[in-house]
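For the sequence shown, this note's numbering begins at 1363 and goes up steadily by one.
Down below is the structure, laid out as structure tokens.
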Amino acid sequence: MSLLKQAPRYDLAEAVHLVREMYGVEVSTSALPSERDQNFLLTATISDHYVLKIANPSEGRAMLEAQNAAMAHVADRVAFCPRVRPTIAGDTIGIVQDNPHPAHLAHQPHPTHLVRPVTYLPGVPLATAGARTPALLDNLGRAIGRLDAALVDFDHPAIHRDFHWDLANAAHVIGEYLPLVRDDGDRELVARVSASALPIVGARSAAFRRTVVHNDANDWNVLVDRDEVVGIIDFGDMVHSWTVVDPAVAVAYAVLDDANPLATAAAIVRGYHAEHPLRDEELAAVFPLASLRLCMSACIAAWQQKQRSDDEYLIVSQGPIRRTLPVLAAIAPRVAEQALREACR
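Structure, rendered in structure tokens:
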């Protein structure tokens, strides 16, 4: 069964009951979007908020333990990382049995889900924050750089995995899912952009550093307050991969529908480089990797839509991606590389 079809399906009352029984807290709750898990915003008091994360049953305990360990490791070093709240028994991962939906499934075995409340960080998603000033973009780069610097000495066996969102797997993922992109023009565009970017990355990848990366600093996972990043959330896509993946992903989503994507990319990379310097080969690969991330997103979204066609969250970025890829494709790779190099001098 698809991991999307296995996604948890708790209602608000069940989430409230779960939190009361396992965490001893009375809360009000509202649903939050998620690709493959289920998330709820919990409000205990005016100033006490959490996000309850109910994991997809396909998500192994080891991976959640790795995420918890990474958040604890990073939160000791930076202020913008969430922390996990333990259960009444002191466990950082709780276990609940699913309720059958619909009723005719009641006779079937019920999957178990692993649950964790994590601290709710203030701020608004970058996606809805309005105008992005050079100061904010620089701060975004610096925040991602500090995050990656904090992760340099972190590792966990579960994070060494074959993962479809890993940019190191771009060629395979795009090759497999590109035929599922329905629109002929979109499919041709993704094929053309990826065919240009893949050789640039491939020629330099042997020199890339490999570390644990967050891997999903998209514009919905970055929380901001005016010109400052105050939260980087959702560690669910962590993987041991190329370090340069993190600034590339941040650039990919920050340039969506941007009037001057090269200037935006340069501001982010400048900030990142100041906190966690990039190698020459990594710097040359940031822009093509950002383009590849958008190509991967288009392909993976096409695959996901075949499984859960009524879920608008799965295609939240696809309109901006379709509009942005032609703009990125019109920028010569050498021009992009030179702009980023100049930004880091």
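Cβ atoms here follow ideal geometry from the backbone N, Cα and C, with glycine treated the same way.
On a predicted model such as this, the values are computed, not experimentally measured, just so you know.
Ranking S1567, Y1539, A1375 and S1558 by CA distance to the CA of S1603 puts S1567 first. Fully contained in the region 1519 to 1553 are the following alpha helix (DSSP H) runs of length 4 or more, in chain order: 1532 to 1539. V1378 carries a helical assignment under DSSP once its states are collapsed to helix, strand and coil. Per DSSP, reduced to three states, the secondary structure at A1432 is helical. Within the same chain, Cβ atoms closer than 8 Å to the Cβ of E1590 are found at L1498 and N1501, the five residues on either side in sequence being excluded. A direct Cα-Cα distance of roughly 11 Å separates E1383 from A1451. Put simply, of A1616, E1644 and V1689 the residue whose alpha carbon is nearest the alpha carbon of A1491 is A1616. Three or more beta-carbon pairs drawn from the region 1503 to 1520 and the region 1438 to 1455 are found closer than 8 Å, and the two stretches are therefore classed as touching. For V1552 against L1540, the beta-carbon gap comes to about 6 Å, under 8 Å, which counts as contact. Within the same chain, Cβ atoms closer than 7 Å to the Cβ of L1702 are found at A1627, A1628, V1631, L1645, V1648 and F1649, the five residues on either side in sequence being excluded. The beta carbons of P1444 and L1380 sit no closer together than 8 Å.
Distance from R1655 to A1614 at the Cβ level is roughly 4 Å; contact confirmed, criterion being Cβ atoms closer than 8 Å. Under the 10 Å beta carbon count, H1635 is surrounded by 16 or more other beta carbons and is classified as buried.
For V1436, the closest C-alpha among the options S1420, D1517, L1414 and G1547 is that of D1517. Closest option to E1397, judged by alpha-carbon separation, among P1688, R1707, Q1667 and A1694: Q1667. For V1575, the closest C-alpha among the options H1534, H1638 and W1582 is that of H1638.
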